[in-house]
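J.: Below is one structure. I have some questions about it.
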Amino acid sequence: MPKLNRSPLRVTAEYDTPMPMRDGSVLRGSVHRRAEGGPYPTLLARTPYGEGSFRMIPVAAALEAGFAVVLQHCRGRGSSDGEFRPWRDEGADGHDTIVWITSQPWSNGEVVMTGMSYLAGCALQAAATRPPGLKAVVASMTPHDFHDGLKYHGGALALGSALNWGAMQAALGLMHAAEAGEDVGAAFGALLPVLGDQAAAVRTLPLDSIEGIPWWRDWISHPERDAYWEELAETLRHDRIEAPVMHVAGWFDLFLAGTLENHRRLGGPLIIGPWSHLTTGASGTGRLDFGFAASGQAIQLEQRQLAFLRGRDTGPAVRIFVMGDDVWRDEEAWPLARAVETRYHLHAGGLLSPEPPAADEPAAFTFDPRDPVPTVGGPTLLSDPTNAGPQDQRDVELRPDVLCYTTEALDSDVEVTGPVSVTLRAETSGAATDWTAKLVNVHPDGRAMSVIDGIVRTSTPSGTYTVDLVATSQVFKAGHRIRVEISSSNFPRFDRNPGTGRPAARATEADLVVQHQRVFSSSFVTLPIVPRER
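Numbered according to the numbering used here, the sequence shown spans residues 367 to 900.
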């Protein structure tokens, strides 16, 4: 058959278009639409990251699909007026932007929103205001709450990601102010130590002495979910969201828990790939490449998102990438109803087994917060972007402050798909401590590849504690072994617990005390085992 010649799409683009907000501020962005025809539904994306972040938005594909596209800078970013205040203005500003769009002659009165991370949060916050005309949202890799799962995990500060993101946003703010003619020399000088050496900055004590990030002390001085966080939570009320939402997640994304919770509360299609926060749609992350089949391109992720936004999605309710088998699989719901919660017990001698131990014996280690266990991979967003996803843990496991519990070599494949948690009966010599847990896939060649991890911050010297490892879909193949690591730190993914009960944000070097830890064999990991088809 002869090839069809398609005429190139004629597009008009307007830049720095003013869009008035209810308080008199003017936000700006670009408007892209077909040169002829219309009116059109509009795809809106809002960003605090500048022009470069708009590359994540499928503008050309959206125009081909029949959308006009509006790419807007958040308040105080890019060419938009005002002061950037993380998360505080995005709901109202998103609402006002949608009202502006629907009043334009090229708009048919229908708007959809899309984005990843903060951009997805902007979309959900706008949806929570119920703006007229908002028809659908695609929200990729974004938290469900600004305290739990964003700045704090299990009660511990997500130090590395908070410092990295905060420094980046502070730098963008100084650039914005400099372009407006302000003298930012002193402010830049205060921020420079953090920008220049984050590996040193995360070791700053006390943490509340770090300078240059406008919101830093607010974040770290509210470790509990108090009025500060509740005020922000009012901008993301799931019970007010009426527009349908598609959710996209990564097994190694630091916002996996948030995306799963958004899906639980809002419904809508769910897609989870073997991706980290910075490898969305790629064929893998960390030290594992799952092949082209694992990529977003292989499952036509972009096309499906646009179909959803047009109200034409016919894909499965849930599509997950099953690691180990390295295949995509369609499911009716998440979590899987057929998964069987199975306890694997932490025997004092280092065995991990479905069989309970004969006696409740302890294993011991000593934790020194001056020498914390280093972060090696996992769901991270650190200044070193390569320190993410599955990484070999063998060097970590040589440390005396890391307990390892390992199964015998598996006789057959074991599929773990669903929520995972570790329940510890443990005690510390300190007034308080942290307990960390990590699920590891031990290969026959000895590689100990991380799967998922978590932390819980305690305020008591002894008790039973649950470490939430969120979720995974990992097949431990025959000949492999399942391992659980237990310790009391994962730094700088999380801040250090001084052990005195003093707030970690105000702890000085003198406050750091050695903590003698004991973990009892009544502890266990709960694995959602999916029966394998024979």
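Ideal placement from N, C-alpha and C gives every residue a C-beta, glycine not left out.
In whole angstroms, give me the CA-to-CA distance for A615 and L622.
T.: Here residue 615 refers to the residue found at position 249 when the sequence shown is read from its first residue. Here residue 622 refers to the residue found at position 256 when the sequence shown is read from its first residue. Cα-Cα distance, rounded: 6 Å.
J.: I'd like to check one pair, A492 with M482: are the Cβ atoms closer than 8 Å?
T.: Here residue 482 is taken as the residue at index 116 of the sequence shown, counted from 1. Here residue 492 is taken as the residue at index 126 of the sequence shown, counted from 1. Not closer than 8 Å, so no.
J.: Does P903 come out as helix, strand or coil in the three-state DSSP assignment?
T.: Past the edges of the chain, shown from 367 to 900, lies residue 903, and the structure says nothing about it.
J.: Please identify the residue among A537, A599, H519 and R388 whose C-alpha is closest to the C-alpha of I579.
T.: Residue mapping note: residue 579 aligns to position 213 of the sequence shown, counting from 1. Closest by alpha carbon: A537.
J.: Which residues share a DSSP beta bridge with Y831?
T.: The sequence position of residue 831 within the sequence shown is 465, counting from 1. Bridge partners of Y831: L790.
J.: Apart from the five residues on each side of it in sequence, which residues of its chain come closer than 8 Å, Cβ to Cβ, to V377?
T.: For this step, residue 377 is matched to residue 11 along the sequence shown. Once the five neighbours on either side are set aside, the close Cβ partners of V377 are H398, R399, R400, A401 and L429.
J.: Work out the CA separation of R791 and S506 for me, nearest whole Å.
T.: As a first step, residue 506 is located in the sequence shown; it is residue number 140 there, counting from the start. As a first step, residue 791 is located in the sequence shown; it is residue number 425 there, counting from the start. The alpha-carbon atoms of S506 and R791 are separated by roughly 36 Å.
J.: Closer than 6 Å by C-beta to G521: which residues in its own chain qualify, once you throw out the five before and the five after it? Chain order, please.
T.: Position 155 of the sequence shown, counted from the first residue, corresponds to residue 521. R823, listed in sequence order.
J.: Taking 8 Å as the cut-off, decide whether the C-beta atoms of L620 and H643 are in contact.
T.: Residue numbering aside, residue 620 sits at position 254 when the sequence shown is read from its first letter. Residue numbering aside, residue 643 sits at position 277 when the sequence shown is read from its first letter. For L620 and H643, yes; Cβs fall inside 8 Å.
J.: Within the segment 448-529, note down every full alpha helix (DSSP H) run reaching 4 residues or more, in order along the chain.
T.: As far as the segment 448-529 is concerned, its whole alpha helix (DSSP H) runs of at least 4 residues are 456-468 and 484-493.
J.: Is it the case that the Cβ atoms of T838 and I821 are separated by a distance below 8 Å?
T.: As a first step, residue 838 is located in the sequence shown; it is residue number 472 there, counting from the start. As a first step, residue 821 is located in the sequence shown; it is residue number 455 there, counting from the start. No, Cβ-Cβ distance for T838 and I821 is not below 8 Å.
J.: Where DSSP assigns a beta bridge to E402, which residues make up the other side?
T.: On the sequence shown, position 36 is the one that residue 402 refers to. DSSP output for E402 lists no bridge partner at all.
J.: Below 6 Å CB to CB, which residues in the same chain sit around T830 once its five sequence neighbours on both sides are set aside?
T.: Along the sequence shown, read from residue 1 onward, the residue named residue 830 stands at position 464. Around T830: R791.
J.: With a threshold of 16 other CB atoms inside 10 Å of the CB of A754, please say whether the residue is buried or exposed.
T.: Position 388 of the sequence shown, counted from the first residue, corresponds to residue 754. Burial call: buried.
J.: Take H604 and list the residues in its own chain whose beta-carbon comes closer than 7 Å to its own, dropping the five residues that flank it on each side.
T.: For the purposes of this step, residue 604 is identified with residue 238 of the sequence shown, where counting begins at 1. Result list for H604: R631 and L632, in chain order.
J.: Can you give the Cα-Cα distance for R760 and V786, rounded to whole angstroms?
T.: The residue you call residue 760 lines up with position 394 of the sequence shown. The residue you call residue 786 lines up with position 420 of the sequence shown. So the two alpha carbons sit approximately 22 Å from each other.
J.: Taking the alpha carbon of D447 as the reference point, which residue from I423, D389 and G404 has its own alpha carbon closest?
T.: Here residue 447 is taken as the residue at index 81 of the sequence shown, counted from 1. The shortest C-alpha separation from D447 is found at D389.
J.: For P407, is the classification buried or exposed, using 16 other Cβ atoms within 10 angstroms of its Cβ as the cut-off for buried?
T.: The residue you call residue 407 lines up with position 41 of the sequence shown. By the 10 Å Cβ count, P407 comes out buried.
J.: DSSP on P559, reduced to helix/strand/coil?
T.: On the sequence shown, residue 559 is found 193 positions in, with the first residue counted as 1. Helix.
J.: In three-state terms, what does DSSP make of E608?
T.: As a position in the sequence shown, residue 608 is number 242, starting the count at 1. Reduced to three states, the DSSP call for E608 is coil.
J.: Which full runs of the beta strand (DSSP E) of 3+ residues lie inside the segment 867-894, going along the chain?
T.: The segment 867-894 contains these whole beta strand (DSSP E) runs: 881-886.
J.: List the endpoints of the continuous alpha helix (DSSP H) containing I586.
T.: If you number the sequence shown from 1, residue 586 lands on position 220. Run containing I586: W582 to I586, per the alpha helix (DSSP H) assignment.
J.: For the beta strand (DSSP E) containing F733, list its first residue and its last residue.
T.: Taking the sequence shown and counting its residues from 1, one reaches residue 733 at position 367. F733 -> beta strand (DSSP E) spans P728 to F733.
J.: How would you label P897, buried or exposed, when you count the other beta carbons within 10 angstroms and need 16 or more for buried?
T.: Stepping through the sequence shown from its first residue, residue 897 is reached at position 531. Exposed.
J.: Taking only the alpha-carbon atoms, compute the straight-line gap between M387 and L893 and give it to the nearest angstrom.
T.: As a working mapping, residue 387 is identified with position 21 in the sequence shown. As a working mapping, residue 893 is identified with position 527 in the sequence shown. Roughly 49 Å separates the two Cα atoms.
J.: Around the Cβ of R736, are there at least 16 other Cβ atoms within 10 angstroms (buried) or fewer (exposed)?
T.: Working through the sequence shown from its first residue, we reach residue 736 at position 370. Exposed, by the Cβ-count rule.
J.: Across the segment 758-776 and the segment 808-818, are there enough close Cβ pairs to call them in contact, namely three or more that are closer than 8 Å?
T.: Flag = yes, the segment 758-776 and the segment 808-818 touch.
J.: Measure the Cβ-Cβ separation of L764 and E851 and say whether it is below 8 Å.
T.: Residue 764 sits at position 398 when you count from the first residue of the sequence shown. Residue 851 sits at position 485 when you count from the first residue of the sequence shown. Their beta carbons are not under 8 Å apart, which means L764 does not touch E851 by this criterion.
J.: N807 lies in the alpha helix (DSSP H); which residues open and close that run?
T.: Taking the sequence shown and counting its residues from 1, one reaches residue 807 at position 441. Not the alpha helix (DSSP H): N807 falls in the beta strand (DSSP E), residues D800 to V808.
J.: Do the CB positions of V885 and G865 come within less than 8 Å of each other?
T.: Here residue 885 refers to the residue found at position 519 when the sequence shown is read from its first residue. Here residue 865 refers to the residue found at position 499 when the sequence shown is read from its first residue. Result no, Cβ atoms of V885 and G865 do not sit closer than 8 Å.
J.: Since H613 sits in a beta bridge, which residues does DSSP pair it with?
T.: Here residue 613 refers to the residue found at position 247 of the sequence shown. A505 and L636, per the DSSP bridge assignment.
J.: Please report the Cβ distance between H713 and L776, rounded to the nearest whole angstrom; I am assuming they are in contact, meaning their Cβ atoms lie under 8 Å.
T.: For the purposes of this step, residue 713 is taken as residue 347 along the sequence shown, with counting starting at 1. For the purposes of this step, residue 776 is taken as residue 410 along the sequence shown, with counting starting at 1. With 8 Å as the limit, H713 and L776 do not qualify as a contact, their Cβ atoms being about 17 Å apart.
J.: For M422, which of L410, G460 and A431 has the nearest alpha-carbon?
T.: The residue you call residue 422 lines up with position 56 of the sequence shown. Taking only the C-alpha atoms, the option nearest M422 is L410.
J.: Just to confirm my understanding: we take W585, look at its own chain, exclude 5 residues before and 5 after, and list those with CB closer than 7 Å. What are they?
T.: The residue given as residue 585 occupies position 219 in the sequence shown. So the list reads K517 and A528, once near-sequence residues are dropped.
J.: With the cut-off set at 8 Å, would you say N530 and L835 are in Cβ contact?
T.: By one-based count along the sequence shown, residue 530 stands at place 164. By one-based count along the sequence shown, residue 835 stands at place 469. Contact: no.
J.: Would you grab the beta carbon distance between W582 and G532 for me? Rounded to a whole angstrom, and I think it's under 8 Å.
T.: Start at 1 with the first residue of the sequence shown, and residue 582 comes out as number 216. Start at 1 with the first residue of the sequence shown, and residue 532 comes out as number 166. Yes, they are in contact, since the Cβ atoms of W582 and G532 sit about 6 Å apart, within 8 Å.
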